[in-house]
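Every letter in the sequence shown is one number past the one before it in the UniProt record's numbering, and letter 200, counting from 1, is 200.
The C-beta atom is built at its ideal place from N, Cα and C for all residues, glycine as well.
Quick caveat, the model's predicted, so the values are computed rather than measured.
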Amino acid sequence: MALLTIHNGQLAFGDLPLLQNADFQLQENERVCLVGRNGAGKSTMMKVIAGDIQMDDGRIQIQQDVVVSRLEQDPPRDQEGTVFDYVSEGLAEIGTQLKIYQDQLDLVATEPTDRNINKLAKIQEQLEHSGAWRFESRITNVLGALQLDGHTKLTDLSGGWQRKAALARALVRDPDVLLLDEPTNHLDVTTIEWLETFLKDFRGSIIFISHDRSFIQSMATRIVDLDRGKLVSYLGNYKQYLVDKEEALRVEEMQNAEFDKKLAQEEVWIRQGIKARRTRNEGRVRALKQLRRERSERLNVQGKVNLNIDDAARSGKIVFEANNLGYAIDGQKIVDDFTFSVMRGDKIALIGPNGCGKSTLLKLMLGELSPSEGKLHCGTKLEVAYFDQYREALDPEKSLSIT
């Protein structure tokens, strides 16, 4: 029996159908990759499964006692409190109890008064009564597996480490179904490799969204394609899906061409006048009306994105040049005695573990941060386009054309 089932799911925002008579089943121990164009509704479908959004019509059925946990697309950037606080919140009321215990434990460590110790003992008794201790152990184990320090402030972590904290929050519930929306975002190569191993050992089913082809190829046991509101399942790996999808689109294009040809012929016939309106032709007229309805309801495949980037004035040969560049935060060196140059036409990948200072270096080059030492020179006639990991330059209230 399937862990969860969506039957005849329908959901639309305005005139945009995201799910249209969509059907889906998830079996035990599956790792399903949900693919589709940007804006097709993949993240929305995840929210439907998690119970955060209700469908307009249709039915979703989840087996009794099946626990579903979701990793959201973006890391918890502005969340206050420690990593332990944030992760424990994934356990709802029990998490709140554990947070109170952890806060009191920290207080006793600094102020070991009789009053504080007695209060800690009462909290411990409440935790024993509610059976929350096993969850405290689970949080500790998950944090250890992800190499996270529970006492660290969440806002002090880099995007990659915040992403790991969000993953820990999803895992502490010990879910039967794990929903992962872009799980490799903000993660360095080493952590992605660790994540692959971790998820393959996960005892449960996984539905994930990713644009990392290597990750999909390694992880997915099945591909589900969300295209124009329909969910189509493809057995096999991602490479096989690409072959099968191309063939499906070819067949669809051929069938649409045959349909349009027949419709055009019938339109010519109906315009012939009185002969088409005779009683013996009423069936043909009804068939033509049905063809028209089907054609009006057809959702065509969207074309590829074309970006026209206006040419800026040609920059000088040297784009960036740094000598003995240094930058420190609270005495901790992030960039140390770094000398480099970027020449016109260079294409450079900046790699390194999460939190090592990659984004900081880019901000130094952009002038958003000032170096603690050394010099950084920008080339002449330089126009820089920057797309940051948090998409801060994008105003969600603006349309695409205005942006």
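Checklist entry - If you pair each beta-carbon of the region 15-23 with each one of the region 153-167, do three or more pairs fall below 8 Å? => result no
Checklist entry - Pick from Leu91, Gly81, Gly9: whose alpha carbon is nearest that of Asp56? => result Sequence index remark: in the sequence shown, residue 56 carries index 56 (1-based). Out of Leu91, Gly81, Gly9, Gly9 has the C-alpha closest to the C-alpha of Asp56.
Next on the checklist: Within a Cβ cutoff of 7 Å, which residues of the same chain sit near residue 414, ignoring the five residues on either side of it in sequence?
Outcome noted: Residue 414 lies beyond the residue range present for the chain, which begins at 1 and ends at 403; the question has no answer from this structure.
Item to check | Nearest-angstrom Cα separation, counted from Leu120 out to Leu105 | outcome: Stepping through the sequence shown from its first residue, residue 105 is reached at position 105. Stepping through the sequence shown from its first residue, residue 120 is reached at position 120. Their Cα atoms are separated by approximately 7 Å.
Checklist entry - Exposed or buried, which one is Val384 when buried takes at least 16 other CB atoms within 10 Å? => result Numbered from its first residue, the sequence shown carries residue 384 at position 384. With fewer than 16 other Cβ atoms within 10 Å, it is exposed.
Checklist entry - Where do the ends of the beta strand (DSSP E) carrying Lys153 lie? => result On the sequence shown, position 153 is the one that residue 153 refers to. No beta strand (DSSP E) contains Lys153, which DSSP labels as neither H nor E.
Next on the checklist: Quick test of the definition: if touching needs 3 or more C-beta pairs under 8 Å, does the region 159-173 touch the region 88-104?
Outcome noted: yes
Next on the checklist: Measuring straight from C-alpha to C-alpha, what distance separates Val87 and Val224?
Outcome noted: Position 87 of the sequence shown, counted from the start, is the residue given in the question as residue 87. Position 224 of the sequence shown, counted from the start, is the residue given in the question as residue 224. Val87 and Val224: Cα-Cα distance of roughly 30 Å.
Checklist entry - At which residues does the alpha helix (DSSP H) containing Glu297 begin and terminate? => result The count along the sequence shown starts at 1 and reaches residue 297 at position 297. First-last of the alpha helix (DSSP H) with Glu297: 282-297.
Checklist entry - In angstroms, rounded to a whole number, what distance separates the CA positions of Asp85 and Asn116? => result Here residue 85 refers to the residue found at position 85 of the sequence shown. Here residue 116 refers to the residue found at position 116 of the sequence shown. Each residue's alpha carbon lies about 20 Å from the other.
Item to check | Residues that DSSP places opposite Val268 in a beta bridge | outcome: Translated into positions along the sequence shown, residue 268 becomes position 268. Answer by DSSP bridge pairing: none, since Val268 is not bridged.
Checklist entry - Are the beta-carbon atoms belonging to Val177 and Val68 less than 7 Å from one another? => result Residue numbering aside, residue 177 sits at position 177 when the sequence shown is read from its first letter. Residue numbering aside, residue 68 sits at position 68 when the sequence shown is read from its first letter. Yes. Within cutoff.
Item to check | Cβ-Cβ distance between Leu361 and Val335 below 7 Å | outcome: Along the sequence shown, read from residue 1 onward, the residue named residue 361 stands at position 361. Along the sequence shown, read from residue 1 onward, the residue named residue 335 stands at position 335. In contact: Leu361 and Val335 (Cβ atoms closer than 7 Å).
Checklist entry - Can you tell me whether Phe135 is buried or exposed, with buried defined as 16 or more other CB within 10 angstroms of its CB? => result For this step, residue 135 is matched to residue 135 along the sequence shown. Label assigned to Phe135: buried.
Checklist entry - Which ranges does the beta strand (DSSP E) cover as unbroken runs of at least 3 residues, wholly within the region 14-46, from first to last along the chain? => result 16-26, 31-35
Checklist entry - With 16 as the cutoff for other CB atoms within 10 Å, does Met219 come out buried or exposed? => result Numbered from its first residue, the sequence shown carries residue 219 at position 219. Buried: at least 16 other Cβ atoms inside 10 Å.
Checklist entry - So, helix, strand or coil for Arg344, using DSSP? => result Here residue 344 corresponds to residue number 344 of the sequence shown, with the count starting at 1. If DSSP states are grouped into helix, strand and coil, Arg344 belongs with coil.
Item to check | Contained beta strand (DSSP E) runs [length at least 3] in the region 149-213, N- to C-terminal order | outcome: 177-181, 205-209
Item to check | Residues near Asp15 by beta carbon distance below 8 Å, same chain, minus five either side | outcome: The residue labelled residue 15 in the question sits at position 15 within the sequence shown. There are no such residues.
Next on the checklist: Output needed for Arg298: all residues of its chain with C-beta closer than 8 Å, excluding positions within five of it in sequence on either side, in chain order.
Outcome noted: For the purposes of this step, residue 298 is identified with residue 298 of the sequence shown, where counting begins at 1. The residues are Asn256.
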